[in-house]
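One structure below.
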Amino acid sequence: MIEIPSDLHKDLVPLAFLLGNWAGAGVHDFPGSEKCNFGQEVTFTHDGRDFLEYQSHSWVLDQDGNKVRPLESEHGYWRIDAARKVEVTMTRDDGVIEIWYGELADKKPQIDLVTDAVARTAASQPYTGGKRLYGYVKSDLMWVGEKQTPEVELRPYMSAHLKKVVTPEEVERWAKALPDDMPDDGIAFFK
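Letter 180 of the sequence shown, counting from 1, is numbered 180 in full-length UniProt numbering, and no numbers are missing.
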């Protein structure tokens, strides 16, 4: 279910499908790095201004699905204009800062992004750019990332399937918003 908060900046309505807390798992595979399954938590929030705040934390999973160690962390800000052009500024824990540009697809919740600028600290690994695709599919958030380095051509390196995390406070708020004339037995509701 896509919910549009009443205090969401009007320009951000097309990105409302991203809002909330998401959790799930994916696969990481890039030359020179350990191939692994990973867990991920992603949060998109807003404070009434014209951007979404984005946070992502991922960690390596063992064969039983247990957390082993951190993998990547990102923090950024997402904006969209009237022409459905999306811009993202992102900082990663490995010393990379990126500016991404892309667009929201027509008539579907899908965003294609490409790096426009990359800045790296001296301690960061080689990295020259990337692409990302985010999609809202059957109430889930899915994404795939591609990256390139001076030695490796652009190729997929991470992808994940995330489910919306519902808090007890959200359940309570939804329950209070139900109409007063709901059937008492629950069965009549489905007839």
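Each residue gets a CB set at the ideal place from its N, CA and C atoms; glycine is no exception.
For residue i and residue j, I'd like the C-alpha separation in whole angstroms.
i, j, result
"A117", "I99", "5 Å"
"T115", "R173", "39 Å"
"A82", "L104", "11 Å"
"T121", "D93", "11 Å"
"E146", "H46", "27 Å"
"Y127", "E72", "14 Å"
"E53", "R69", "25 Å"
"G95", "D106", "34 Å"
"L19", "P168", "17 Å"
"C36", "D64", "12 Å"
"F44", "S139", "15 Å"
"G130", "G48", "30 Å"
"Q148", "R79", "24 Å"
"A119", "K176", "48 Å"
Could you tell me the boundaries of the beta strand (DSSP E) in which residue i lies?
i, result
"P126", "Looking at the DSSP string, P126 is not in any beta strand (DSSP E), and its letter there is neither H nor E."
"L162", "155 to 165"
"I99", "96 to 104"
"H75", "67 to 80"
"F44", "36 to 45"
"I111", "110 to 120"
"A25", "20 to 28"
"K147", "140 to 148"
Taking 6 Å as the limit between beta carbons, can you name the residues of its chain near residue i, skipping five residues before and five after?
i, result
"T90", "Contrary to the premise, residue 90 reads as Met rather than Thr in this sequence. Excluding positions up to five away in sequence, the list reads E74, G76, E98."
"E56", "Contrary to the premise, residue 56 reads as Ser rather than Glu in this sequence. Result list for S56: V42, E74, in chain order."
"Y101", "E87, D116"
"A123", "G95"
"F30", "Y157"
What residues in its chain sit with their C-beta under 8 Å from that of residue i, if we drop five residues either side in the sequence?
i, result
"E34", "H28, V60"
"S159", "G26, V27, M142, W143, V144, G145"
"K67", "G39, W59, V60, L61"
"I4", "V13, A16"
"P150", "P126, T128"
"D50", "H9, D11, L12, R79"
Below 9 Å between beta carbons: does that hold for residue i and residue j?
i, j, result
"N32", "S58", "Going by the sequence as given, residue 32 is Gly instead of Asn. No, they are not a contact pair."
"I2", "Y136", "yes"
"L113", "R132", "yes"
Using a Cβ-Cβ cutoff of less than 7 Å, which residues in the same chain neighbour residue i once the five nearest sequence positions on both sides are dropped?
i, result
"P109", "F17, G135, Y136"
"D7", "G48"
Touch test, the region 1 to 13 against the region 146 to 154, Cβ-Cβ under 8 Å, three pairs minimum: No, the region 1 to 13 is not in contact with the region 146 to 154.
Segment contact flag, the region 158 to 173 with the region 19 to 38, C-beta cutoff 8 Å, min 3 pairs: Output reads yes: the region 19 to 38 touches the region 158 to 173.
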